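In my numbering, the protein residues as written are 843 to 1029.
A virtual CB, placed ideally from N, CA and C, is assigned to each residue, including glycine.
Since this is a predicted model, take the numbers as computed values, not measurements.
The block underneath contains the structure these notes are about, expressed in structure tokens.
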Amino acid sequence: MTAMTTTESASAPAAPATDTRTVPSTVAGEREMLEGWLEFHRGTLALKCAGLNGEQLRERAVPPSDLNLLGLVRHMAEVESSWFRNRLTDEKAPPIYFTDADPDGDLHPGEDDTWDEAYATWQAQIAHAREVAAPLPLDHLGTGERGRTTGEPYNLRWIYTHMIEEYARHNGHADLLRERIDGTTGD
843 MTAMTTTESA SAPAAPATDT RTVPSTVAGE REMLEGWLEF HRGTLALKCA GLNGEQLRER
903 AVPPSDLNLL GLVRHMAEVE SSWFRNRLTD EKAPPIYFTD ADPDGDLHPG EDDTWDEAYA
963 TWQAQIAHAR EVAAPLPLDH LGTGERGRTT GEPYNLRWIY THMIEEYARH NGHADLLRER
1023 IDGTTGD
């Protein structure tokens, strides 16, 4: 990723402006590889948001799309909660940002919604995910919600793989959003 060109402000993300991510070893074991790529992609989203102010973080991609970086961070907080709290474990955690009235509420931050709150919530969900997954083997079957079409439980391996896919897809969106905002590109 190229160097950040925007000025830091009080509402700028607390994420590092320099790339501190680690690419997993090409010969890592399965768990180390899965956890390594998940951490890499979590770090990528934070890096895409680094150095931007609140207005920039809310900037929409291309109207009529509502997609924005702050919304993506809020969405990933919901995704972390959904998969690790409600599928891996059976915590039955309520939605954080979306409602029945606004099923995409995570992607629709208002003017009063802040980076500090969204980032803290996202990081708390990540910390919880790490904590509940750490003692479990990859074959551990989740005790929560099951697959909608199959009714089968999800094992931790499937959840890790899905989370990597989810972050990778949204990091592609974040690439385009960041380039539109200030021209910054990179992986």
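Problem - Boundaries (first-last residue) of the alpha helix (DSSP H) holding residue 890 - result: Residue range 872-891 is occupied by the alpha helix (DSSP H) that includes residue 890.
Problem - Local Cβ density within 10 Å of residue 1015, reported as buried at 16 or more and exposed below that - result: Buried is the call here.
Exercise for the section: Go through its chain and collect everything with a Cβ distance to residue 964's Cβ below 8 Å, but skip five positions before and after it. Expected result: Excluding sequence neighbours, residue 964 sits near 915, 916, 918, 919 and 922.
Problem - Euclidean distance between Cα positions of residue 994 and residue 1002 - result: Computed Cα separation, rounded: 16 Å.
Handout entry: For residue 949 and residue 941, the rounded distance between their alpha carbons
Key = Answer to the nearest angstrom: the Cα atoms are 12 Å apart.
Practice task
Output the residue ranges of the alpha helix (DSSP H) runs that lie fully inside the region 905-931 and measure 4 residues or longer, sorted by chain position.
Solution key: The qualifying runs are 911-922.
Exercise for the section: Would you give the residue range spanned by the alpha helix (DSSP H) that residue 1001 belongs to? Expected result: From DSSP, the alpha helix (DSSP H) with residue 1001 extends over 998-1024.
Practice task
Could you pull out every residue in the same chain whose Cβ sits closer than 8 Å to the Cβ of residue 979, ignoring the five residues on either side in sequence?
Solution key: If we look at residue 979 and ignore the five residues flanking it on each side, its Cβ neighbours are 998.
Practice task
Mind reading off the beta-carbon distance from residue 861 to residue 889? Whole number of angstroms is fine, and I expect it under 8 Å.
Solution key: The C-beta distance from residue 861 to residue 889 rounds to 6 Å, short enough to meet the 8 Å contact threshold.
Exercise for the section: Please check if any C-beta of chain C sits within less than 9 Å of the C-beta of residue 886. Expected result: Considering every chain present, this structure includes no chain C. It has just one protein chain.
Problem - Rounded separation between residue 930 and residue 987 - CA only - result: Rounded to the nearest angstrom, the two C-alpha atoms are 8 Å apart.
Problem - Which listed residue (896, 872 and 866) has its alpha carbon closest to that of residue 959 - result: The shortest Cα separation from residue 959 among 896, 872 and 866 belongs to 896.
Problem - residue 1025 classed as buried or exposed, judged by whether at least 16 other C-beta atoms fall within 10 angstroms - result: With fewer than 16 other beta carbons inside 10 angstroms of its own, residue 1025 counts as exposed.
Problem - Straight-line Cα distance separating residue 925 from residue 1008 - result: For residue 1008 and residue 925, the distance between alpha carbons rounds to 11 Å.
Problem - Where residue 949 falls: helix, strand or coil (DSSP) - result: Residue 949: helix per DSSP, three-state reduction.
Practice task
Under 8 Å by Cβ, that's how I've got residue 912 and residue 1023 pegged, so tell me the actual separation to the nearest angstrom.
Solution key: Actually they are not in contact, since the Cβ atoms of residue 912 and residue 1023 sit about 12 Å apart, beyond 8 Å.
Handout entry: Exposure of residue 874, with buried meaning 16 or more beta-carbon neighbours within 10 Å
Key = Taking all protein chains shown into account, residue 874 has fewer than 16 neighbouring C-beta atoms within 10 Å of its C-beta and is therefore exposed.
Practice task
Could you round the C-beta distance between residue 883 and residue 1010 to whole angstroms and report it? I think they count as a contact, below 8 Å.
Solution key: Contact annotation, residue 883 with residue 1010: C-beta distance approximately 6 Å; criterion of less than 8 Å satisfied.
Problem - Spatial neighbours of residue 878 in its chain, beta-carbon cut-off 8 Å, leaving aside the 5 residues before and after - result: Annotation for residue 878: 864, 865, 866, 867 and 870 place their beta carbon closer than 8 Å to its own, counting only its chain and skipping 5 residues before and after.
Problem - Best match in 872, 880, 928 and 946 for proximity to residue 983 [C-alpha to C-alpha] - result: Closest by alpha carbon: 928.
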